[in-house]
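Student:
Residue numbers (full-length UniProt numbering): 1 to 726.
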């Protein structure tokens with residue numbers, strides 16, 4: 001091929017399945033096609049097996065005075081900033097992204113005028129625990145000046161020991177990516193490194209070749225393998241290869257057939273779970289990418305080790321026996337790690353008898369406590385820990401524990417929108433996780449639709465709510481009309497979510513976590529008043545967490561009058577409002593009693609209690625029920641008639657700071673034991689059963705003698721027929 005043909009190939013060229021249209025140049029390096037309309041199949045004949053491993057900061061002498069440098073890679077390990085030099089002078093810089101399945105994004109080219117000077121294919125970008133590097137192949141340099149100097153990177157990174165395989169070969173894992181999705185693999189012959197590849201986990205690889213390794217010698221595929229999992233844990237790093245095949249250099253006979261191997265940098269004790277017949281299922285470590293390393297042993301001998309992620313299935317079979325389970329949640333917390341297994345089954349090796357059927361199990365590395373919430377009848381709901389946030393994201397999960405009289409009855413790992421439920425034949429406690437928020441100033445978890453029932457289905461809490469908060473952050477407060485104000489309280493550590501709070505006359509009326517990374521419909525903050533009329537709405541256009549300032553940008557803001565519904569604020573298409581978020585912390589208020597949504601008896605004394613922290617003492621407390629003051633201390637008693645009673649607490653400190661908290665109390669008629677809003681013969685029947693069992697319920701104690709007897713049943717029967725008023 002003439003120099004002119006090299007410089008001016010045809011208009012449509014295909015190389016390794018990548019099409020460039022209306023280009024006069026193409027990657028030449030190891031392979032060049034100049035036929036118009038060639039197919040991708042034609043391109044597969046490329047012999048581009050040579051790969052250069054280029055360490056970050058290293059300059060690679062290509063030839064002819066040209067050098068290529070991998071300057072930096074991003075935190076996610078998917079992009080590289082490369083530079084091309086000529087005789088030490090910079091010619092070009094470009095960021096290449098390999099995170100897409102579109103291979104054209106992985107190609108770097110540099111031209112001068114109409115002349116292609118240099119091109120290459122970035123096959124991998126790697127941000128590891130002890131090494132940062134990229135891999136480059138299919139290099140073209142003008143006038144055939146490329147030196148062909150491909151070589152592997154030699155360093156002291158190792159994940160465990162090399163795996164010796166036949167004919168003097170061995171495979172070693174060198175390093176894993178920080179976010180646990182890639183691994184460096186080297187092939188050795190008689191102890192010398194002869195090949196190296198960076199592989200991506202098979203389940204997430206953008207293209208198949210990213211996960212599969214092949215070593216070809218003299219036309220024979222000697223070794224092939226697939227990366228099932230790369231694991232970056234708290235204690236160890238690990239790499240799991242599957243589908244490992246080896247053919248002999250002499251004759252091509254099969255030496256390894258679909259083998260697997262686990263490389264690991266350490267062997268921690270882990271947390272064991274003793275099963276039947278000498279089996280032990282041990283959780284060895286938790287990884288930063290929702291992965292967990294499990295080990296199954298029998299009578300002290302390890303029989304299986306594997307890396308699993310959420311929703312994956314662990315299985316081990318022995319004839320008619322076996323063990324299986326599903327990884328429900330993997331939790332890497334700020335204080336502890338945890339793993340929840342569900343659908344755990346074990347069958348006898350002897351006769352196949354079911355030893356465990358659809359059981360669950362909860363592993364935990366420690367037993368932290370962030371905040372506790374005392375429910376009724378001895379139940380306590382504890383926020384144990386919140387998910388750690390890293391460059392790989394996080395901060396979206398919370399570990400909740402429900403106990404009764406000091407004994408744990410349920411642990412669970414949950415995310416926003418998940419449903420927590422504890423039942424003993426019937427539901428006892430349930431709620432929905434409304435928000436999990438790891439802010440720059442503190443953490444917050446909100447539960448909504450909280451319900452609690454007795455073992456006989458009588459409702460104790462009706463659609464309550466609870467906010468666990470480690471601090472009470474505040475930001476810019478935007479004064480609106482008619483006493484309303486909007487507080488940009490805080491931004492999360494990922495820089496995607498903002499905590500907004502709307503107040504009226506210093507009392508919070510609504511607050512929410514809004515995620516700017518969600519669909520448009522989820523990026524609105526809206527408040528409706530008690531009549532159902534829309535009062536305020538704002539669209540969260542952007543959330544920004546900077547090194548010095550964090551801000552939220554709002555668009556399409558509207559405010560309507562509480563009085564007559566008239567328009568008070570109406571943003572135009574281009575109007576924006578920017579608020580600084582998370583600038584300080586303020587008083588942390590807490591209503592301790594009653595519980596939000598608690599169902600109580602009309603006319604009975606209700607104890608109100610509250611506390612305050614993080615402000616300037618002394619504090620003053622003002623309690624309101626539907627706008628009327630009902631108390632002015634941190635503890636007092638009050639009674640209400642039947643109905644739903646919204647309670648607002650305003651706390652002021654000595655520095656003049658004012659904050660609020662709120663609960664809702666439901667009061668129902670004495671004698672309405674099933675809390676359905678009326679007294680019927682059903683209530684009398686329930687009371688008769690309670691009297692036999694010796695149970696007590698203030699709704700059933702219509703005689704007010706401190707116990708439930710047949711007298712109460714008789715009085716409820718009379719009330720149900722209208723003979724008496726209770």
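Glycine included, C-beta positions come from ideal geometry on N, C-alpha and C.
All values derive from a computational prediction rather than experimental measurement.
So residue 121 and residue 91 are supposed to be a Cβ contact under 8 Å. How far apart are they, rounded?
Tutor: Position 121 of the chain shown, counted from the first residue, corresponds to residue 121. Position 91 of the chain shown, counted from the first residue, corresponds to residue 91. The Cβ separation is near 19 Å, so there is no contact.
Student: Could you tell me the alpha carbon to alpha carbon distance between residue 343 and residue 354, rounded to whole angstroms?
Tutor: Mapped onto the chain shown, residue 343 falls at position 343. Mapped onto the chain shown, residue 354 falls at position 354. Computed Cα separation, rounded: 13 Å.
Student: Going by DSSP, name the residue or residues bridged to residue 83.
Tutor: Taking the chain shown and counting its residues from 1, one reaches residue 83 at position 83. Partner(s): 69 and 93.
Student: Could you give the first and the last residue of the continuous beta strand (DSSP E) run that contains residue 135?
Tutor: Here residue 135 refers to the residue found at position 135 when the chain shown is read from its first residue. Where residue 135 is concerned, the enclosing beta strand (DSSP E) stretches over 132-141.
Student: Evaluate contact between the segment 237-247 and the segment 156-174, counting only Cβ atoms and requiring at least three cross-stretch pairs below 8 Å.
Tutor: Short answer: they touch.
Student: Which residues bound the alpha helix (DSSP H) around residue 692?
Tutor: The count along the chain shown starts at 1 and reaches residue 692 at position 692. Start and end: 681-693.
Student: Just list the residues that DSSP pairs residue 256 with in beta bridges.
Tutor: Taking the chain shown and counting its residues from 1, one reaches residue 256 at position 256. Note: residue 256 sits in a beta bridge opposite 246.
Student: Take every Cβ of the segment 70-78, pair it with every Cβ of the segment 121-132, and state whether three or more of those distances are shorter than 8 Å.
Tutor: These segments touch.
Student: Let me make sure I understand the geometry here. Which of 53, 341, 620 and 271 has the alpha-carbon closest to that of residue 138?
Tutor: Your numbering for residue 138 matches position 138 in the chain shown. Selected option, being the one with the closest Cα: 53.
Student: With a cut-off of 8 Å, do at least 3 Cβ pairs link the segment 329-341 to the segment 357-369?
Tutor: Because the criterion of three Cβ pairs below 8 Å is met, the segment 329-341 and the segment 357-369 touch.
Student: Ordered along the chain, which non-local residues of its own chain (more than five positions away) have a Cβ less than 6 Å from that of residue 662?
Tutor: Taking the chain shown and counting its residues from 1, one reaches residue 662 at position 662. Cβ neighbours of residue 662 beyond the five flanking positions: 648.
Student: Establish whether the CB of residue 296 and some CB of chain D are separated by less than 9 Å.
Tutor: Absent here is chain D; the protein component of the structure consists of one chain.
Student: I'd like to confirm the pairing. Which residues does DSSP put opposite residue 199 in its beta bridges?
Tutor: The residue labelled residue 199 in the question sits at position 199 within the chain shown. 183.
Student: Run through the segment 357-408 for me and flag every whole beta strand (DSSP E) of 3 or more residues, listed as ranges in chain order.
Tutor: List check, beta strand (DSSP E) in window: 371-374, 379-386 and 397-404.
Student: Leaving aside the five residues before and after residue 449 along the sequence, list all residues of the same chain whose C-beta is less than 7 Å from its C-beta, in chain order.
Tutor: Sequence index remark: in the chain shown, residue 449 carries index 449 (1-based). Within the same chain, residue 449 has close Cβ partners 431, 432 and 463.
Student: Nearest-angstrom Cα distance between residue 6 and residue 231?
Tutor: For the purposes of this step, residue 6 is taken as residue 6 along the chain shown, with counting starting at 1. For the purposes of this step, residue 231 is taken as residue 231 along the chain shown, with counting starting at 1. Note on residue 6: pLDDT 37, under 50, position unreliable in the model; the coordinate value appears next. Answer to the nearest angstrom: the Cα atoms are 45 Å apart.
Student: Report yes if the C-beta distance between residue 699 and residue 673 is below 9 Å; otherwise report no.
Tutor: Against the chain shown, residue 699 aligns to sequence position 699. Against the chain shown, residue 673 aligns to sequence position 673. It is a contact, given that the beta carbons lie within the stated cut-off.
Student: List the DSSP bridge partners of residue 598.
Tutor: If you number the chain shown from 1, residue 598 lands on position 598. Answer is 461 and 665.
Student: Taking the alpha-carbon of residue 159 as reference, which of 263, 720, 86 and 472 has the nearest alpha-carbon?
Tutor: Numbered from its first residue, the chain shown carries residue 159 at position 159. Checking every option, the nearest Cα to that of residue 159 belongs to 263.
Student: Would a C-beta distance cut-off of 9 Å place residue 556 and residue 568 closer than the cut-off?
Tutor: On the chain shown, position 556 is the one that residue 556 refers to. On the chain shown, position 568 is the one that residue 568 refers to. No, they are not a contact pair.
Student: For a test of the three-state rule: what should DSSP assign to residue 30, helix, strand or coil?
Tutor: Along the chain shown, read from residue 1 onward, the residue named residue 30 stands at position 30. At residue 30 the pLDDT is 34, less than 50, meaning the model places this residue with poor confidence; the figure from the coordinates comes in the next sentence. If DSSP states are grouped into helix, strand and coil, residue 30 belongs with coil.
Student: Return the CA-CA distance between residue 325 and residue 59, expressed in angstroms with no decimal places.
Tutor: Residue 325 sits at position 325 when you count from the first residue of the chain shown. Residue 59 sits at position 59 when you count from the first residue of the chain shown. Rounded to the nearest angstrom, the two C-alpha atoms are 49 Å apart.
Student: Quick check on the burial criterion: 16 or more other C-beta atoms within 10 angstroms. Buried or exposed for residue 179?
Tutor: As a first step, residue 179 is located in the chain shown; it is residue number 179 there, counting from the start. That one is buried.
Student: Quick one: grab the DSSP three-state call for residue 43.
Tutor: Here residue 43 refers to the residue found at position 43 of the chain shown. Bear in mind that a pLDDT of 29 at residue 43, under 50, signals an unreliable position, so the number given afterwards is only what the model happens to contain. In the structure shown, residue 43 sits in a helix (DSSP, three-state: H, G or I).
Student: Determine the direct distance from the alpha carbon of residue 200 to that of residue 182, and round the result to whole angstroms.
Tutor: For the purposes of this step, residue 182 is taken as residue 182 along the chain shown, with counting starting at 1. For the purposes of this step, residue 200 is taken as residue 200 along the chain shown, with counting starting at 1. So the alpha carbons of these two residues sit roughly 4 Å apart.
Student: My understanding is that residue 491 touches residue 456, with C-beta atoms under 8 Å, so please give their C-beta distance in whole angstroms.
Tutor: Taking the chain shown and counting its residues from 1, the one referred to as residue 491 is at position 491. Taking the chain shown and counting its residues from 1, the one referred to as residue 456 is at position 456. Contact doesn't hold; Cβ gap of about 46 Å is too wide.
Student: Is the segment 680-695 touching the segment 707-722, taking contact as three or more C-beta pairs under 8 Å?
Tutor: Cβ pair count under 8 Å is three or more, so yes.
Student: May I ask you to verify whether the segment 588-595 touches the segment 467-481, counting CB pairs closer than 8 Å and requiring at least 3?
Tutor: Result yes; three or more Cβ-Cβ pairs closer than 8 Å.
Student: Per DSSP, residue 570 forms a beta bridge with which residues?
Tutor: Numbered from 1 along the chain shown, position 570 holds the residue referred to as residue 570. DSSP, once it has assigned bridges, lists 558 as partnering residue 570.
Student: Hey, would you say residue 506 sits closer than 9 Å to residue 413, going by beta carbons?
Tutor: In the chain shown, counting from the first residue as 1, residue 506 sits at position 506. In the chain shown, counting from the first residue as 1, residue 413 sits at position 413. Against a cut-off of 9 Å, the Cβ pair of residue 413 and residue 506 comes out as no contact.
Student: Are residue 51 and residue 150 closer than 9 Å when you measure CB to CB?
Tutor: Here residue 51 corresponds to residue number 51 of the chain shown, with the count starting at 1. Here residue 150 corresponds to residue number 150 of the chain shown, with the count starting at 1. Cβ atoms of residue 51 and residue 150: closer than 9 Å.
Student: Could you tell me whether the segment 393-403 touches the segment 369-384, where touching means 3 or more Cβ pairs closer than 8 Å?
Tutor: Verdict: yes, contact present.
Student: Does the segment 217-237 come into contact with the segment 290-303, if we say contact requires no fewer than three beta-carbon pairs (one atom in each stretch) closer than 8 Å?
Tutor: Cβ pair count under 8 Å is three or more, so yes.
Student: Under DSSP, the alpha helix (DSSP H) around residue 716 begins and ends at which residues?
Tutor: Position 716 of the chain shown, counted from the start, is the residue given in the question as residue 716. 710-720 is the span of the alpha helix (DSSP H), which, as asked, contains residue 716.
Student: Measuring alpha carbon to alpha carbon, tell me which of 226, 668, 602 and 86 ends up nearest residue 62.
Tutor: One-based indexing of the chain shown puts residue 62 at position 62. Comparing Cα-Cα distances from residue 62 to each of 226, 668, 602 and 86, the minimum goes to 86.
Student: Go through its chain and collect everything with a Cβ distance to residue 687's Cβ below 7 Å, but skip five positions before and after it.
Tutor: As a position in the chain shown, residue 687 is number 687, starting the count at 1. Cβ within range, chain order: 673, 700, 708, 712, 713 and 716.
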